[in-house]
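Worksheet: one structure, shown below.
2 protein chains.
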Amino acid sequence: MRATLIHAPRDIRVEDVPDPQIRRPGDALVRVVAACVCGSDLWPYRGVTETTEPHRIGHEFVGVVEELGSEVSTLKTGDFVIAPFALSDGTCGHCRNGVHTSCANGAWWGGEDKDGLPIDAGQGEAVRVPMADGTLVATPDLPDESMIAGLLTLSDVMGTGHHAALSAGVSPGSNVVVVGDGAVGQCAIIAAKRLGAERIIAMSRHADRQALARDLGATDVVAERGDDGVARAEELLGGVGADASLECVGTKESMQQALDATRPGGRVGYVGVPAGGSELPIRKLISSNISVGGGVAPVRGYIPDLLADVLSGAIDPGRVFDLELPLEQAPQAYAAMDERRSIKTMLRP
Amino acid sequence: MRATLIHAPRDIRVEDVPDPQIRRPGDALVRVVAACVCGSDLWPYRGVTETTEPHRIGHEFVGVVEELGSEVSTLKTGDFVIAPFALSDGTCGHCRNGVHTSCANGAWWGGEDKDGLPIDAGQGEAVRVPMADGTLVATPDLPDESMIAGLLTLSDVMGTGHHAALSAGVSPGSNVVVVGDGAVGQCAIIAAKRLGAERIIAMSRHADRQALARDLGATDVVAERGDDGVARAEELLGGVGADASLECVGTKESMQQALDATRPGGRVGYVGVPAGGSELPIRKLISSNISVGGGVAPVRGYIPDLLADVLSGAIDPGRVFDLELPLEQAPQAYAAMDERRSIKTMLRP
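Here you go:
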């Protein structure tokens, strides 16, 4: 079959790889219907994180179950499934606490299981899914083509935006600032609105992303950055900072922006992958009673609730996809994301 | 009148100072019934923070209103009042959000108001209280002598322990680790129990403090520190860390202990005054989804609820006082606290 590998910074190739096969009784074989490129895939693409040898890449996909190991009990052949960006057994103490990303037997797409067996990545034609019962979530029916984009966001960005909002304690009536206008930031806006936020300020400088943010639920847009952006947001909020700031970028500057925009006693929810030396200034946090929380979003636990809202049309996170390419054009997909010509690019095998 | 001043590390003196007088229409004049020494008073006492010139000290007291400025509307002469450790106007946006320690007009005992007018400190015979309506809380009746200790804890330590528990999200059924067996740590145990925690592990090495912790609600005591202490706590909790850890010391080691004792997805509430270079390791927080929150406790807002529970006998935080001395022996009170001969020392003018 065909799958995407990263060989080095800016060297993405779609190549022939062995067809996946059931290797464990808990495995599922999934034919990929749609995959996509994540903002975090751009760190190795840009050379921010090192690529020491060519490896499979991609951790967001949806597909159809083609074959099941003998011990899989919650899925059947032909099911349409959503794969969260982390694998989990669903039964350990951390999974039961809803923190599937800390699963005692957890693993990552493109990595290895505990016994050193390689795990496929998502940007390919098919995937062997270990711990399929714990990892995959099946939709009640085969979805329409029009639902694919929305369902694919449940692999990562919609659940990640939701995690930012939950971690920041967004609740009915909250005043929220969202830092980051990428796919996660846009989904954080959806999540904040879904949780009842009254005021949602999107910090964004790009006209197309500003427009999308407004469509998805932002009540205000602030184009300024740094101190000017904070001052403008505070002005919009009547002179007091935000109850909740959602940090959806992962740089030192974006974290500072989120902290500065938050009122005393407020909360910052962060989900940006920190690739820029983000710090938490403990003295500021203590003097202003700002809480911080978040991290690698345990999206597996969020899928059932969010799935219901996607299927009912209550939320439409699929709108973050503004480019769709065939799998063979994965290199072009990375370039489009890297050059910010695309908010989020879908790959279709 | 007589009041306590710090001149230099380990140089505490009780001296004659001018009698306080009403200076502003919002002032109250309060005769101090009881004051006490705070763990944070030990930082200048020990020379950890600098004392550049002699100044009044003490920020926890209860007393009786002797005189009121013309604009004070919520108090009357003869009221028994509790003074929280920070002054606040009670009307600004931050006070209305319950974050009185970030009051737009806030001030500190022993400091100055916005116009440079000195503010009395608490370890003396009487105190001029600016912003009396916003700052002071009156009890419904004149309390019995037996209630003084419990009421005095509402100035700081009981509200601070409560803040740690709230900041860590303690709720019915929570498994809680409390780091610190001083007065704040003991009050954090009371607060965790009051909020419905199921398991409360006190980390304490001192027999008398272990006994008090058990009396106040600790279900378990762990005497080990560092990795051994974390391992022991985790063992008690069935192999998963605490839902909530309450950091009530303020050193680098105690913060690390609290973080290490917390399960993925759990929360650390910190109220220790950081005098030892505490840090928040962002990568650990992100990978394990541990939230952190807390800071300078806005105890003013907590007093009404906690007061009701003290008066009803539902909680008995006054037990943290194990030594009572006349005001004139303030130097001995500091020495007793510094040498850990006393958990908390009351001073009676």
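The listed protein sequences derive, respectively, from chains A and B.
Residue numbering for the first sequence follows the numbering used here, beginning at 1 and increasing consecutively.
Residue numbering for the second sequence follows the numbering used here, beginning at 350 and increasing consecutively.
Don't be surprised by glycine CBs; every beta carbon is placed ideally from N, CA and C.
From a predicted model like this one, the values you see are computed outputs, not experimental measurements.
> Of all the residues that make up the region 87-107 of chain A, which are near chain B by a beta-carbon distance shorter than 8 Å?
Replying inline: Gly-93, His-94, Asn-97, Gly-98, Val-99, Thr-101, Ser-102
> In the region 125-177 of chain A, which residue ranges form an unbroken beta strand (DSSP E) of at least 3 residues, counting only runs that do not cross its ends?
Replying inline: 126-129
>> In chain order, what are the residue ranges of uninterrupted beta strand (DSSP E) at least 3 long that sit wholly in the region 200-226 of chain A?
In response: 220-222
> Taking Cβ-Cβ distances shorter than 9 Å, what residues in chain B pair up with A:Arg-263?
Replying inline: Sequence index remark: in the first sequence, residue 263 of chain A carries index 263 (1-based). Per Cβ cutoff of 9 Å: Gly-442, His-443, Asn-446, Val-448, Ser-451.
>> I want to verify the contact list: residues of chain B whose CB lies under 7 Å from the CB of A:Ser-167, in sequence order.
In response: Sequence index remark: in the first sequence, residue 167 of chain A carries index 167 (1-based). Neighbours of A:Ser-167 on chain B, chain order: Ser-640.
>> Measuring straight from C-alpha to C-alpha, what distance separates B:Trp-458 and B:Arg-477?
In response: Translated into positions along the second sequence, residue 458 of chain B becomes position 109. Translated into positions along the second sequence, residue 477 of chain B becomes position 128. Using only the alpha carbons, I get a separation of about 10 Å.
>> Any beta carbon from chain A within less than 8 Å of B:Leu-655's own beta carbon?
In response: In the second sequence, counting from the first residue as 1, residue 655 of chain B sits at position 306. Not an interface residue.
> For B:Val-645, which residues in chain A fall below 8 Å Cβ to Cβ?
Replying inline: Position 296 of the second sequence, counted from the first residue, corresponds to residue 645 of chain B. Here the neighbours are Ile-286, Ser-287, Asn-289.
> Nearest chain B C-beta to A:Ser-278 closer than 8 Å, yes or no?
Replying inline: Position 278 of the first sequence holds residue 278 of chain A. Yes, because at least one Cβ of chain B sits closer than 8 Å to the Cβ of A:Ser-278.
> Near B:Thr-423, which residues of its chain fall below 7 Å by C-beta distance, leaving aside the five closest residues on each side in sequence?
Replying inline: For this step, residue 423 of chain B is matched to residue 74 along the second sequence. Excluding positions up to five away in sequence, the list reads Asp-482.
> Using 8 Å as the limit for Cβ to Cβ distance, is B:Ile-406 near chain A?
Replying inline: The residue labelled residue 406 of chain B in the question sits at position 57 within the second sequence. Output row for B:Ile-406: interface = no.
> Any C-beta of chain B sitting closer than 8 Å to the C-beta of A:Gly-39?
Replying inline: Within the first sequence, residue 39 of chain A is the residue found at index 39, counting from 1. For A:Gly-39, the answer is no, since every Cβ of chain B falls outside 8 Å of its Cβ.
> Would DSSP call A:Ala-99 helix, strand or coil?
Replying inline: As a first step, residue 99 of chain A must be located in the first sequence, where it is residue number 99. Reading off the sequence shown, one finds Val at residue 99 of chain A, where the question assumed Ala. The answer is coil: DSSP assigns A:Val-99 none of H, G, I, E or B.
> So who's on the other strand from B:Leu-417, going by DSSP bridges?
Replying inline: As a first step, residue 417 of chain B is located in the second sequence; it is residue number 68 there, counting from the start. B:Ala-377.
>> the ligand COA and B:Gly-534: does any heavy atom of the ligand fall closer than 7 Å to the residue's C-beta?
In response: Among the ligands in the structure shown, none appear at all, so the ligand COA cannot be discussed.
>> Could you check whether the Cβ of A:Gly-239 sits closer than 8 Å to any Cβ belonging to chain B?
In response: Locating residue 239 of chain A in the first sequence gives position 239, where the first residue counts as 1. With 8 Å as the cut-off, A:Gly-239 counts as an interface residue toward chain B.
>> Cutting at 7 Å between CB atoms, please list the residues of its own chain near B:Ser-691, excluding the five before and the five after it.
In response: Numbered from its first residue, the second sequence carries residue 691 of chain B at position 342. For B:Ser-691, where only same-chain residues beyond five positions count, the Cβ hits under 7 Å are Asp-671, Leu-672, Ala-685.
>> At the level of alpha carbons, what is the spacing between A:Asp-407 and B:Asp-658?
In response: Outside the displayed range of chain A (1 to 349) lies residue 407 of chain A, so it cannot be described from this structure.
> Got a sec: is the Cβ-Cβ distance from B:Ile-497 to anything in chain A below 8 Å?
Replying inline: Translated into positions along the second sequence, residue 497 of chain B becomes position 148. It does not: the Cβ of B:Ile-497 has no partner Cβ on chain A nearer than 8 Å.
> For B:Arg-528 versus B:Glu-416, is the C-beta distance shorter than 8 Å?
Replying inline: The residue you call residue 528 of chain B lines up with position 179 of the second sequence. The residue you call residue 416 of chain B lines up with position 67 of the second sequence. Checking the displayed sequence, the identity of residue 528 of chain B turns out to be Val instead of Arg. No, Cβ-Cβ distance for B:Val-528 and B:Glu-416 is not below 8 Å.
> Which first and last residues belong to the beta strand (DSSP E) in which A:Val-14 is found?
Replying inline: Working through the first sequence from its first residue, we reach residue 14 of chain A at position 14. 11-16 is the span of the beta strand (DSSP E), which, as asked, contains A:Val-14.
> If you follow the alpha helix (DSSP H) that B:Val-659 is part of, which residue opens it and which one closes it?
Replying inline: On the second sequence, position 310 is the one that residue 659 of chain B refers to. Segment 648-661, the alpha helix (DSSP H) holding B:Val-659.
> Does any CB atom of chain B fall closer than 8 Å to the CB of A:Ile-201?
Replying inline: Locating residue 201 of chain A in the first sequence gives position 201, where the first residue counts as 1. Answer no: the Cβ-Cβ gap between A:Ile-201 and chain B never drops below 8 Å.
> Per DSSP, what kind of secondary structure is A:Leu-323 in: helix, strand or coil?
Replying inline: Along the first sequence, one-based indexing puts residue 323 of chain A at 323. Reduced to three states, the DSSP call for A:Leu-323 is strand.
> Identify the residues that DSSP records as bridge partners of A:Glu-50: which are they?
Replying inline: Here residue 50 of chain A is taken as the residue at index 50 of the first sequence, counted from 1. BP columns for A:Glu-50 are empty, so no partner.
> If you check the beta carbons only, do B:Arg-351 and B:Asp-687 fall under 8 Å apart?
Replying inline: Here residue 351 of chain B refers to the residue found at position 2 when the second sequence is read from its first residue. Here residue 687 of chain B refers to the residue found at position 338 when the second sequence is read from its first residue. No. Outside cutoff.
> Any beta-carbon of chain B closer than 8 Å to the one on A:Ile-282?
Replying inline: Within the first sequence, residue 282 of chain A is the residue found at index 282, counting from 1. Taking Cβ atoms only, chain B reaches closer than 8 Å to A:Ile-282, which makes this a yes.
>> By DSSP's criteria, B:Tyr-619 is part of a beta bridge. Which residues make up the other side?
In response: Working through the second sequence from its first residue, we reach residue 619 of chain B at position 270. DSSP output for B:Tyr-619 lists B:Glu-596, B:Gly-643 as bridge partner(s).
>> Do B:Gly-499 and B:Pro-613 have their beta-carbon atoms positioned less than 8 Å apart in this structure?
In response: Walking along the second sequence from the start, residue 613 of chain B turns up at place 264. Walking along the second sequence from the start, residue 499 of chain B turns up at place 150. No, they are not a contact pair.
>> By the three-class DSSP mapping on this structure, what secondary structure does A:Ala-104 have?
In response: In the first sequence, residue 104 of chain A corresponds to position 104, counting from 1. Coil.
>> Helix, strand or coil for A:Leu-87? Go by DSSP, reduced to three states.
In response: Mapped onto the first sequence, residue 87 of chain A falls at position 87. A:Leu-87: strand per DSSP, three-state reduction.
> Can you list, in chain order, the residues of its chain whose CB lies under 6 Å from that of B:Pro-467, leaving out five sequence neighbours each side?
Replying inline: Numbered from its first residue, the second sequence carries residue 467 of chain B at position 118. Result list for B:Pro-467: Glu-461, in chain order.
> Can you round the beta-carbon distance between A:Phe-61 and A:Ser-146 to whole angstroms, since I take them to be within the 8 Å contact cut?
Replying inline: Residue numbering aside, residue 61 of chain A sits at position 61 when the first sequence is read from its first letter. Residue numbering aside, residue 146 of chain A sits at position 146 when the first sequence is read from its first letter. That pair is no contact at about 18 Å.
> How about B:Leu-676 and B:Cys-385: do their beta carbons lie closer than 8 Å?
Replying inline: Within the second sequence, the letter at position 327 stands for residue 676 of chain B. Within the second sequence, the letter at position 36 stands for residue 385 of chain B. Contact: no.
> Under the three-state reduction of DSSP, which class applies to B:Cys-385: helix, strand or coil?
Replying inline: Start at 1 with the first residue of the second sequence, and residue 385 of chain B comes out as number 36. In the structure shown, B:Cys-385 sits in a strand (DSSP, three-state: E or B).
>> For A:Pro-298, count the other beta carbons within 10 Å of its own beta carbon; 16 or more makes it buried, fewer makes it exposed. Which is it?
In response: For the purposes of this step, residue 298 of chain A is taken as the residue at position 298 of the first sequence. With 16 or more Cβ atoms within 10 Å of its Cβ, A:Pro-298 is classed as buried.
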